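The following block contains the structure:
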């Protein structure tokens, strides 16, 4: 059993802990954070299903005052774990890396860290092999992770030469008060980093894109114009998208009218926190543009990187040597693709 | 075991079914709806934890095409139940009532129906006794239900003579596409119906209020200016609010910055769908205004009426004769007030 | 002097009247509407700069009660005008057409009407010649009008073969209460009608696209992936965009961060109603995608079709025979392109 | 002619300059700012109707590069003016005060500065006399300015003892990208500063209140529960509100459905920038609550403080000694109350 520690118990850290806890070949040692945030208070109110390690000793009195039990220090968590999932704020991971190295432990960083923090920039489906046995991996960001799922899926089936993407980005998560946008669309300088990141993971593809921020909190939507080696039609695209365990093909006519429909559906499914690991892909969005194919996907930003992060544990620890074996195990424990069997 | 059927499996119906399923002295017979909505598709994907009855026979082929098993007709559900919780769209409940009467069954209607559909306009804490043994009860709406919890709480402790409320109303639920408002506040003609409804339930109180719609999807916020018989101070208000199992007193300084913080916290608690039954009440909102007391509450509109609806079953079926005994049973099975013991 | 009547004094009608009033070779006879809307009340408060004709005789008492002077009936307006600009709600224009025909008058319809209402589907820059001397013209919609400006501009310089567009659509105008969307993105079935309309106006171009509604009220943003006959670079695109009197090339680094910056800038310019006729095009959005060029534009939906509608008057009435002569007159009187000279 | 300089050419500064330029007994010397913002670029594009003074010499090359003429330094503006309207960012005014003192010039600060910056905290209608002849005045903030208009109006007619307010605050101005909130309501610790500020200006009134931020950009809405010395009814309230030149009584049934209707109406009126100086007060919001009166007002945050700031010039410079004489002059030149005569 691989022992996993989660460092940072925010939006991503909570979900990583939940995802790891579901893997029957991994053991969640615990989670670490520095202050009694709402997420920590919720952990306490739930009865401490996960052990909590403290990253900032001087804050101990705040936890004691709330009767929140502390299992040890961040250093203890590192010592007791085989591998750390670092989900701290951007920049903190690079500092934590020193600690992980001190104890000879591997680590997986999230998309907010600089690429230089890691040996390899990683995506479970697209470049699993590159991560096998490596010490430090960095995941792609939420948009890039979901985008690559769809592009890699097309690429393996038909060959993709070029993509031009438009990212319609949600600007805050539900509950965020430290950022936001009101009645405005905001455009970033192009090309978007997601297009550039895609090229790092899939260097044989030419990618560019424009990103526009929108004042919503549920999933991002990305439109993709993909140039394939040979022209494909909508049905050919559906044939491969429709079998991918991390892509959920949905229809507007069934009621999936947008990102918020998928958020509600995940809540109605009874998923913890109403989360969704899979990207949505709208059947009625797929159109042919000359020799290109165009489609739109939904990126559930809070949870979409969880499966690929767990894939990264499998790669770094050498649990599986092959891509499909690895993602298959992750999918099995997370219940991904079950809807394909119904 | 009281047998309960839920008619209408939308935002409220789903939560009623979940709430009833938790009551150890009730049995959920099943739920009824008329079309394979996203909520029904989610029920199917979850493996049909509840039996589904069909309210519109002509739509049967749509369900068959999706392999959604049908346990019977709406009429079958009515026949097999002791009491029906009607959570259909406004106006439909009045029609369904004929069916309930035909089979001599009791029913509880939600706030959208006209008062005339019921024998009594009901709130579990405020006028439980009025509902005991009655055939048809109508619940107060989400805002009124939450508002009355707080006013009744003050009233029983200190006596309330008058309230003036400002309702800052969320305009759509997460996932709603059939209604919405964009970058606009909308004001309704005063007085708001919630103030008038409060006076129906608590006729000894003078109430008025203004309602303003805001473009958000999480909980409503209501500010209340309450005139008590004798002047009370903030601590006296906190003394009684802080012990109420359906009121959660929260602090801005702990991170509860607004309605969205409460939504996120409920998700992090692992509540199904991220729901919250209790209203939030901000400690730092309580101020004294001359002889009045003023405070602000959060109304989680999707789930707030569930406890009082279950109270209504207890009243109508005569399961408990007394208010506190009844709400106590409901609270116990829903886990309400557990946080008070921590 | 060509005599022009404006039928329908809503968001578009008001702006058409203002635009026509600025043309020194046209005379605005007046405007017609059916009820004392806020726009009409504002006209009254301003002292009736335009004569008002009444489209619904039975509503006369409402106007009299408010002391709003009525210059005549809709029929009078038609009789006194050479050409009518119909800016009524979708579908009403088709009915009004009978009246225009009865008096042998020409008319221009807005994008909401069906194409069949008109002899030609019109865009001032792209197909001016097709409208010359015609009786009934229909303008392209706001998105299509602005989109075509940019595509036509590229096409005349370099040849465009194909475009794939993503429309990030504002869902309501400032002040709209009859429609809206809250915290949700909504996707339409593809291809979007704007892509199809572009192909009607520019049949030599292959176009497709996806439209996503966003909860904002200022300008739409469209990203365009354009395949040119020969590959062009960013500078070549800027060379032609930067000289177009109805395209305003702006920079993020100057402070034009999104659609709302352009709205504010137009207000600060002192434009009536804070309107902007020109589309914005972000310098830093222009990227090369293989042999394609990609860029983003802003569509100020309330006013963008005004110049092309005035071009349509010139075409229908034969005031100018040639495209550049016609749009040049319109631009001169509207002050379009003045910023190019600074 | 009183010579006035405006320091800071942002949202408020632009409007102050426009307002002063309309006063026939004042002369606008010019405006000062430190960087070529969008507002400055718009001033340039309009042909420099106001002289521009530079507050930061080192930025001169940026202005030269854009061919924006500079009339002098900030110090020059101070020297040439009798009084300065300081509309810089919060905190900068206190620093600028040293410069004003150096040259013996008077100044008016906006609500963002600390009270200690000024000799008197000022409101044109409520405490004009306190400002007469003073050197440094500080205006109330936008919400407080509008709120006091209505409370002072009631107070002078009927006597007000106590108010409890709920402020539903817009969170950003149109075009703001540096702040915002997305799908969330945010509550501040009570009592709101606006209630406390009201008590500073009107010390005989007891005031408290709760403020909730909402994700919109147009006017704030405030509900007021006012306790008058003798009970008044709705008509009595309307009698005085309806005659106030800076209060516009509007009706929902006429189409004034919320803050965005008022914003649109001001645009349709042709007001520069679509601004509105007067607060809106909804006729149908006025309700009696026991002996109290309750009502709702709209605060157009961008322009509402302009009239009272101009009143402050009149007070500081001793142009008028009496309240009604002073506000009457301001109103006349700004066109306030003209609608009352129609």
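Chains as they are written, first to last, in our numbering: chain G, 1 to 342; chain V, 1001 to 1342; chain E, 2001 to 2342; chain B, 3001 to 3342.
Built from N, CA and C at the ideal position, the CB exists for glycine as well.
Note that the coordinates shown come from a computational prediction; the quantities given were computed from them, not determined experimentally.
Review point. So what does DSSP say about residue 2035(E), is it helix, strand or coil?
Key: In the three-state DSSP reduction, residue 2035(E) falls in the coil class, being neither helix nor strand.
Review point. With a cut-off of 7 Å, does the C-beta of residue 1282(V) fall near any C-beta of chain G?
Key: It does not: the Cβ of residue 1282(V) has no partner Cβ on chain G nearer than 7 Å.
Point to revise | Pairwise C-alpha distance: residue 66(G) and residue 3078(B) | key: So the two alpha carbons sit approximately 57 Å from each other.
Review point. Helix or strand or just coil, what does DSSP make of residue 3072(B)?
Key: Reduced to three states, the DSSP call for residue 3072(B) is strand.
Review point. Curious, which full-length beta strand (DSSP E) runs of at least 3 residues does the segment 3233–3285 of chain B contain?
Key: Runs found: 3247–3250, 3279–3282.
Check your understanding: Would you report the Cα separation of residue 3232(B) and residue 3291(B), rounded to the nearest angstrom?
Key -> Spanning the two alpha carbons is a distance of roughly 7 Å.
Point to revise | Secondary structure, beta strand (DSSP E): runs of 3+ residues fully inside the segment 3130–3173 of chain B | key: Whole beta strand (DSSP E) segments, 3+ residues: 3136–3139, 3160–3170.
Review point. So, do the segment 138–154 of chain G and the segment 243–263 of chain G have three or more beta carbon pairs nearer to each other than 8 Å?
Key: Yes, the segment 138–154 of chain G is in contact with the segment 243–263 of chain G.
Exercise for review: Can you give me the Cβ contacts of residue 2296(E) inside the same chain, cut-off strictly under 8 Å, excluding the 5 residues immediately before and after it?
Suggested key: 2221, 2222, 2223, 2224, 2281, 2282, 2285, listed in sequence order.
Review point. Residue range of the beta strand (DSSP E) that residue 1006(V) falls in?
Key: Looking at the DSSP string, the run of the beta strand (DSSP E) that includes residue 1006(V) is 1002–1007.
Review point. Thinking C-beta only, is residue 209(G) closer than 7 Å to residue 259(G)?
Key: Against a cut-off of 7 Å, the Cβ pair of residue 209(G) and residue 259(G) comes out as no contact.
Review point. Which residues of chain B have a Cβ atom closer than 9 Å to the Cβ of residue 216(G), listed in chain order?
Key: Neighbourhood of residue 216(G) in chain B, by CB distance below 9 Å: 3182, 3183, in chain order.
Review point. So is residue 352(G) in contact with chain V if we call contact Cβ pairs under 7 Å?
Key: No information on residue 352(G) is available, as it lies outside the stretch 1 to 342 that chain G covers here.
Review point. At which residues does the alpha helix (DSSP H) containing residue 3226(B) begin and terminate?
Key: Where residue 3226(B) is concerned, there is no enclosing alpha helix (DSSP H), although the beta strand (DSSP E) it sits in stretches over 3220–3228.
Practice item. Quick one: which residues of the segment 2307–2328 of chain E get their C-beta closer than 7 Å to a C-beta of chain G? List them in chain order. Key: Going along the segment 2307–2328 of chain E in chain order, one finds no residue with a Cβ nearer than 7 Å to chain G.
Practice item. Measure the alpha-carbon distance for residue 2391(E) versus residue 2146(E) and round it to whole angstroms. Key: Because chain E here runs from 2001 to 2342, residue 2391(E) falls outside it and cannot be looked at.
Review point. Name the DSSP beta bridge partners of residue 3106(B), please?
Key: Answer is 3083(B).
Check your understanding: Quick one: what does DSSP say residue 294(G) is sitting in, helix, strand or coil?
Key -> DSSP places residue 294(G) in the strand class (E or B) of the three-state scheme.
**Study point:** chain G contacts made by the segment 2241–2273 of chain E, where a contact means CB separation under 7 Å
**Key:** Those residues of the segment 2241–2273 of chain E that come within reach of chain G (Cβ to Cβ, closer than 7 Å) are 2252, 2257, 2258, 2259, 2260.
Exercise for review: Might you give, ordered along the chain, the residues of its own chain that have their beta carbon closer than 7 Å to the beta carbon of residue 72(G), omitting 5 neighbours on each side?
Suggested key: Answer for residue 72(G): 53, listed in chain order.
Point to revise | chain G residues whose Cβ lies nearer than 7 Å to that of residue 2200(E) | key: The contacting residues do not exist; residue 2200(E) stays about 17 Å from chain G at best.
Review point. If we ignore side chains and look at the alpha-carbon of each, how far apart do residue 1230(V) and residue 3091(B) end up?
Key: Going by the C-alpha atoms only, they are around 44 Å apart.
Review point. When burial is assigned at 16 or more other CB atoms within 10 Å of the CB, is residue 3204(B) buried or exposed?
Key: Exposed is the call here.
Check your understanding: So which residues of chain E does residue 1177(V) contact, with C-beta pairs closer than 8 Å?
Key -> Going along chain E in sequence order, the residues near residue 1177(V) (Cβ under 8 Å) are 2181, 2184, 2186.
**Study point:** Cross-chain neighbours of residue 171(G) in chain B, by beta carbon under 7 Å
**Key:** Around residue 171(G), the beta-carbon contacts reaching into chain B at under 7 Å are 3182.
Point to revise | Exposed unless 16 or more other CB atoms sit within 10 angstroms - verdict on residue 347(G) | key: Nothing in the structure corresponds to residue 347(G), since chain G is present only between 1 and 342.
Exercise for review: Specify the secondary structure class of residue 116(G) as computed by DSSP and reduced to three states.
Suggested key: It is helical.
**Study point:** For residue 2213(E), the residue or residues it bridges with in DSSP
**Key:** DSSP links residue 2213(E) through a beta bridge to 2169(E), 2186(E).
Point to revise | Amino acids of chain B, ordered along the chain, whose beta-carbon sits closer than 8 Å to that of residue 1212(V) | key: Think of a sphere of 8 Å around the beta carbon of residue 1212(V): the chain B residues whose beta carbon falls inside it are 3168, 3221, 3223, 3258, 3296, in chain order.
Exercise for review: Check the DSSP bridge columns for residue 3067(B) and list the partner residues they point to.
Suggested key: Answer is none; residue 3067(B) lacks a bridge partner.
Review point. Using the C-alpha atoms, what's the distance from residue 1272(V) back to residue 272(G)?
Key: About 7 Å.
Check your understanding: Are the beta-carbon atoms of residue 1081(V) and residue 3164(B) separated by less than 7 Å?
Key -> Judged by their CB atoms, residue 1081(V) and residue 3164(B) are not nearer to each other than the 7 Å cut-off.
Review point. Since residue 53(G) is in the beta strand (DSSP E), which residue starts that stretch and which ends it?
Key: Its beta strand (DSSP E) spans residues 52–54.
Review point. Which residues of chain G have a Cβ atom closer than 8 Å to the Cβ of residue 1088(V), listed in chain order?
Key: Correct list: empty, because the minimum Cβ distance to chain G is about 18 Å.
Review point. Okay, do the segment 2309–2324 of chain E and the segment 3015–3024 of chain B touch, 3+ Cβ pairs below 8 Å being the bar?
Key: They do not touch, by the three-pair rule.
Exercise for review: Drop a sphere of 10 angstroms on the beta-carbon of residue 3202(B), count the other beta-carbons inside from all chains shown, and report buried for 16 or more, exposed for fewer.
Suggested key: With 16 or more other Cβ atoms within 10 Å, it is buried.
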